[in-house]
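K.L.:
Before I ask anything, here is the structure I am working with.
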Amino acid sequence: MHNPLGHINDYHERTPNHCIRLKARLRRDLLALTDSPRVADLYAGAGVMARTCYEGLPYIGIDRDRGQTAEEWAATADVTAWNFFDLDAYGSALPVVETLAARVTLPATFVLTDGTRLHVQMRSRLPEYHQRFVPGGDRYRRAWYSEYAGILRSIVEALFAGRRVVDYQQRHASRHGVTPLYVGFRVVEGGA
Ligand SMILES: C[S@@+](CC[C@H](N)C(=O)[O-])C[C@H]1O[C@@H](n2cnc3c(N)ncnc32)[C@H](O)[C@@H]1O
């Protein structure tokens, strides 16, 4: 049976308090840059970010454990009702960002947790999803780990081609070790 308290403990075990503070600060910074934020929290989990950052705002919380995946919601919901997308995934939410990129109205704000560096460090290769964005693909071993932050940014830019990614911010809990990247940005009309 689903145990909400167990889930909170699980989240806190995986996410130390200083990371929670870092995540919350990133969200508050991006909220301050967003006009009338309406929040779609697609990996809402135990609602820590909801309580810390989103109280009083129009809000919808989606989670696989609540019966719908972020992938399903992004592909089928009226995403135009929302302008602030929180994707606090354990792995990578880039495929969901790609779905949203085709469906959102602009301006829109995104905050992501991306844990791909763990995958990259353990396997010395990029995940398949990422490979199509990187010239040269995955033919030989490279320092994907140290390059990953730049790769992530270039994939985000590619997903929003024809529009402008602005206010891009990236934080990591520590310079070393296998920590997720916390990324936030806004997307507006226009672009090269
Ligand atoms: C880092 S936790 C989210 C914590 C949450 N933001 C909070 O503040 O409490 C990641 C969550 O992603 C959920 N999850 C994993 N895969 C998912 C998917 N495909 N769609 C939606 N939720 C998913 C897990 O159930 C877990 O609750």
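Whatever position you read off the sequence shown (first residue = 1), add 787 for our numbering. Here a beta-carbon is modelled for each residue, glycine too, at the ideal position from N, C-alpha and C.
Hey, could you find the ends of the alpha helix (DSSP H) Val974 is sitting in?
P.N.:
Per DSSP, Val974 belongs to no alpha helix (DSSP H); it is in the beta strand (DSSP E), 968-975.
K.L.:
What are the boundary residues of the alpha helix (DSSP H) that Tyr916 is part of?
P.N.:
Counting along the chain, the alpha helix (DSSP H) containing Tyr916 begins and ends at 915-918.
K.L.:
Does the Cβ of Thr856 lie closer than 7 angstroms to at least one heavy atom of ligand 1?
P.N.:
Within the cutoff, so yes.
K.L.:
Exposed or buried, what is Gly832 when buried is set at 16 or more other beta-carbons lying within 10 Å of its beta-carbon?
P.N.:
Gly832 is buried by the Cβ-count criterion.
K.L.:
Between which residues of its own chain and Cys806 is the CB-CB distance below 6 angstroms, once the five residues before and five after are set aside?
P.N.:
Cβ neighbours of Cys806 beyond the five flanking positions: Ala960.
K.L.:
From the DSSP secondary-structure annotation, give me the bridge partner or partners of Tyr846.
P.N.:
DSSP output for Tyr846 lists Val826 as bridge partner(s).
K.L.:
Three-state secondary structure (DSSP) at Gln956?
P.N.:
Reduced to three states, the DSSP call for Gln956 is strand.
K.L.:
From Tyr935 to Arg904, what does the alpha carbon distance come to, in whole angstroms?
P.N.:
One C-alpha to the other measures close to 7 angstroms.
K.L.:
Identify, in the order they occur along the chain, each residue of the same chain with its Cβ nearer than 6 angstroms to the Cβ of Thr966, setting aside the five sequence neighbours on each side.
P.N.:
Here the set comprises His959, Ala960.
K.L.:
Would you say the beta carbon of Asp875 comes nearer than 7 angstroms to a heavy atom of ligand 1?
P.N.:
The answer is yes for Asp875.
K.L.:
Taking just the CA atoms, how far does Leu913 sit from Asn796?
P.N.:
With a pLDDT of 47 at Asn796, under the threshold of 50, the modelled position of this residue cannot be trusted; read the value that follows with caution. Straight-line Cα distance between these residues: approximately 31 angstroms.
K.L.:
Rounded to whole angstroms, what is the Cα-Cα separation between Gly902 and Tyr846?
P.N.:
Distance between the alpha carbons of Gly902 and Tyr846: 25 angstroms.
K.L.:
Sorted by chain position, which residues of the same chain lie with C-beta nearer than 8 angstroms to Phe947's C-beta, five sequence neighbours on each side aside?
P.N.:
The residues are Ala888, Val974, Gly978.
K.L.:
Have a look at Ser911, Leu899, Arg815, Ile938 and flag the residue whose alpha-carbon is nearest the alpha-carbon of His917.
P.N.:
For the residues Ser911, Leu899, Arg815, Ile938, the minimum Cα distance to His917 belongs to Ile938.
K.L.:
Between Arg919, Ser823, Asp954, Tyr830, which lies nearest to Ile942 when the distance is taken from Cα to Cα?
P.N.:
The shortest C-alpha separation from Ile942 is found at Arg919.
K.L.:
Rounded to whole angstroms, what is the Cα-Cα separation between Ala811 and Leu899?
P.N.:
The straight-line gap from Cα to Cα measures roughly 12 angstroms.
K.L.:
For Arg951, which of helix, strand or coil comes out of DSSP?
P.N.:
Three-state DSSP puts Arg951 in a strand.
K.L.:
CB of Ala936 to nearest heavy atom of ligand 1: below 7 angstroms?
P.N.:
Not so, every heavy atom of ligand 1 lies at least 7 angstroms from the Cβ.
K.L.:
Given a threshold of 16 other Cβ atoms within 10 Å of its Cβ, counted over all protein chains shown, does Met909 qualify as buried or as exposed?
P.N.:
It is exposed - the Cβ of Met909 has fewer than 16 other Cβ atoms within 10 Å.
K.L.:
Is Ala861 near Thr886, with beta carbons less than 8 angstroms apart?
P.N.:
Going by C-beta atoms, Ala861 is nearer than 8 angstroms to Thr886.
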